[in-house]
Amino acid sequence: MSFRVAVVGAGRMGKLHARILAQMEQVQLVCVVDTNPGAADALAKQRSCKPLYEAAQAVDMVDAAIIAVPTVSHVQVATPFVQAGKPVLIEKPIANDPAEAEQLIKLARKTGTGVQVGHTERFNPAVLAMQKHAIKPKFIEAHRISPFTFRSADVGVVFDMMIHDIDLILMLVGGRVEQVHAVGVNVLGQHEDICNARLAFDNGCVANITASRLAIKTERKMRIFSEEAYITVDYARKLGIVIEKSRNLDLIQMAREMDIDDLAELAEQVDYKQLLTVEELVVDESTEPLRRQAEAFYQTVATGRPPEVSAEEGLAAIRVAKRIVDSIKSHKWDGKHGTREGLDVIQKE
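Numbering of the sequence shown is given in our numbering, commencing with residue -8 and proceeding in unit increments.
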């Protein structure tokens, strides 16, 4: 029996989701929904399914839905499906306001309905390879820039692009964000187009995140520093490098035991590169991230297992994102106050 799915939203992401679903044998793309009849008709014709113009019309026709509408409408569009007990995959971010996301989660728990959030970077093969290395991050640096696409103009760069790195960092660190310090600039619209944020966690880890949608090239990179290893990941190129301490590091330990205070005395005996092991991440590029995400969503619905990216994780990401945006708004560029404007310090709960 086919798994019947609706794609709500016939924009760029809706088209991508429809393409993926059309390739999956176990899935039947029943309908495409968009309030723009022309967009719905065109995509439905391309994918040989039914066009609809209101999400509510699709609820009784499907087993699940993928929500790919503008962020401000995510919760509104997802609600009828969740009320009917139909699982949903909601494009990231889950909502543009934590309170809305909380209401959707409350409804999902009441109806026992699965909600997965489309943080597609989780399914990037470089991320999957990185997760095989059990490390405890001490410092993380993320850099995500691209040219302006004129999409997602309803939100700023934090909810549009930085949200990917916020989600990954929360996954990697596992602690609670205690301090947020951010600055950002609106250039083309009403929302920030450039942002730099510093997150301090309760376990001591610090993350520095930069995002811009005004660059002339696209880069998506992350560097992770820990006592166990240093990992650098290029999400766009789907590759990475792991640098770990080698057994030759025993020479340093031996020097300490011999009371050699100045490590410079070992310069003629030790080559720094011999103290390290450098390896490329073993990356499986056989399946594109969006396909992996769709298959994970199917397995969640078919087996009842927890979503790969839960609604609660999606909520955690937008809570941090909102704190970053609030910190941006509090920053005083004139410097008249002589204080650390833009610093958002949250006490431990």
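For glycine and all other residues, C-beta sits at the position ideal for the given N, C-alpha and C.
Using CA atoms only, rank isn't needed, just tell me which of the options is closest to residue i.
i: glutamate 304; options: Pro84, Phe130 and Met52; result: Pro84
i: valine 50; options: Arg10, Leu34, Arg189 and Lys77; result: Lys77
i: leucine 281; options: Ile11, Leu43, Thr62 and Val(-2); result: Ile11
i: proline 71; options: Val63, Pro61 and Ala56; result: Ala56
i: glycine 5; options: Ala90, Val23 and Val176; result: Val23
i: alanine 144; options: Glu235, Thr62, Ile157 and Met15; result: Thr62
i: leucine 34; options: Val53, Val(-1), His65 and Val66; result: Val(-1)
i: glutamine 181; options: Glu219, Val53, Phe141 and Lys208; result: Phe141
i: histidine 124; options: Val292, Val174, Glu271 and Met152; result: Glu271
i: glutamine 14; options: His110, Ile215 and Ser(-7); result: Ser(-7)
i: arginine 3; options: Asp54, Glu82, Gln19 and Lys36; result: Glu82
i: alanine 75; options: Ala47, Asp88 and His110; result: Ala47
i: glutamate 169; options: Glu279, Ala206, Val197 and Ala220; result: Val197
i: histidine 172; options: Ser277, Val316 and Asn87; result: Val316
i: leucine 205; options: Ala220, Ile185 and Tyr221; result: Ile185
i: glutamine 17; options: Arg(-5), Ile58 and Gln37; result: Arg(-5)
i: glutamate 45; options: Val60, Gly195 and Met152; result: Val60
i: aspartate 88; options: Val146, Ile222 and Lys41; result: Val146
Pull up the distance between the alpha-carbon of residue i and that of residue j, whole angstroms please.
i: valine 79; j: leucine 230; result: 31 Å
i: alanine 199; j: valine 164; result: This sequence places asparagine at residue 199; alanine is not what is there. Using only the alpha carbons, I get a separation of about 13 Å.
i: alanine 31; j: alanine 191; result: 44 Å
i: valine 68; j: alanine 227; result: 30 Å
i: lysine 127; j: arginine 189; result: 18 Å
i: glutamate 132; j: valine 148; result: 17 Å
i: methionine 162; j: proline 28; result: 39 Å
i: phenylalanine 130; j: threonine 26; result: 45 Å
i: isoleucine 232; j: glutamate 210; result: 16 Å
i: alanine 285; j: valine 176; result: 35 Å
i: alanine -3; j: valine 73; result: 13 Å
i: valine 269; j: isoleucine 234; result: 5 Å
i: leucine 43; j: proline 116; result: 35 Å
i: isoleucine 309; j: aspartate 225; result: 24 Å
i: valine 292; j: glutamate 218; result: 39 Å
i: alanine 307; j: aspartate 158; result: 8 Å
i: glutamate 112; j: valine 178; result: 27 Å
i: serine 39; j: histidine 8; result: 14 Å
i: phenylalanine 288; j: isoleucine 215; result: 28 Å
i: asparagine 187; j: glutamine 290; result: 37 Å
i: histidine 65; j: valine 53; result: 18 Å
i: aspartate 193; j: lysine 313; result: 19 Å
i: lysine 236; j: valine 273; result: 18 Å
i: arginine 167; j: threonine 278; result: 33 Å
i: valine 341; j: isoleucine 58; result: Because residue 341 is not part of the residues shown, which for the chain are -8 to 340, the question remains open.
i: serine 276; j: arginine 283; result: In the sequence as presented, serine is not what sits at residue 276; that position holds glutamate. Between glutamate 276 and arginine 283, the C-alpha separation is close to 11 Å.
i: arginine 331; j: glutamate 183; result: Since pLDDT at arginine 331 reaches only 38, below the 50 mark, its modelled position is unreliable, and the value read off the structure follows with that caveat. Between arginine 331 and glutamate 183, the C-alpha separation is close to 20 Å.
i: threonine 201; j: phenylalanine 150; result: 13 Å
i: glutamate 91; j: lysine 36; result: 34 Å
According to DSSP, residue i sits in a beta bridge with which residue or residues?
i: glutamate 210; result: Ile136
i: arginine 189; result: His172 and Asn199
i: valine -1; result: Val24 and Ile58
i: tyrosine 221; result: Phe216 and Ile234
i: phenylalanine -6; result: Val18
i: lysine 341; result: The structure shown has nothing for residue 341, since the chain only spans -8 to 340.
i: leucine 43; result: Val24
Exercise. State whether the region 94 to 111 contacts the region 119 to 128, with contact taken as three or more CB pairs (one from each stretch) at a distance under 8 Å.
Key: no
Self-check item: the region 313 to 327 touching the region 99 to 119, judged by at least three CB pairs closer than 8 Å
Solution: no
Practice problem: Mind the definition here: the region 297 to 314 touches the region 132 to 139 only if three or more C-beta pairs lie below 8 Å; say whether that holds. | Solution: no
Quiz item: Which ranges would you report for the alpha helix (DSSP H) in the region 72 to 135 if only whole runs of at least 4 residues count?
Solution: 89 to 102 and 116 to 121
Practice problem: Run through the region 263 to 306 for me and flag every whole alpha helix (DSSP H) of 4 or more residues, listed as ranges in chain order. | Solution: 280 to 294
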